[in-house]
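Visitor: Handing you a structure now.
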Amino acid sequence: MQMDPRVLEKRFIFNSFYNGHWQIEETIPMIGGPFIADVYYTVDFVPTRFHSV
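The sequence shown maps to residues 1 to 53 in UniProt numbering.
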């Protein structure tokens, strides 16, 4: 999985490489998030039974 936090655009972009192909990008807004540009964060991913964010 690839995660691209676009802080200035206030959104996250997610994409997965599955079965030899990149899947469709998924975008979610950073609503009320504490994220600031040029600061390091740790993000935990929790898998589900779906191939989606």
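The C-beta atom is built at its ideal place from N, Cα and C for all residues, glycine as well.
Is it buried or exposed for phenylalanine 17, if we count other Cβ within 10 angstroms and need 16 for buried?
Guide: By one-based count along the sequence shown, residue 17 stands at place 17. By the C-beta density criterion, phenylalanine 17 is exposed, having fewer than 16 other C-beta atoms within 10 angstroms.
Visitor: Indicate the three-state DSSP secondary structure (helix, strand or coil) for asparagine 15 in the structure shown.
Guide: Translated into the one-based positions of the sequence shown, residue 15 becomes position 15. Three-state result, asparagine 15: strand.
Visitor: Taking the alpha-carbon of residue 54 as reference, which of Pro29, Tyr40 and Pro34 has the nearest alpha-carbon?
Guide: Residue 54 is absent from the structure shown; the chain starts at 1 and stops at 53.
Visitor: I'd like the list of long-range same chain contacts for glutamine 2, defined as Cβ closer than 6 Å, with 5 residues on each side in sequence excluded.
Guide: Locating residue 2 in the sequence shown gives position 2, where the first residue counts as 1. Around glutamine 2: Asn15.
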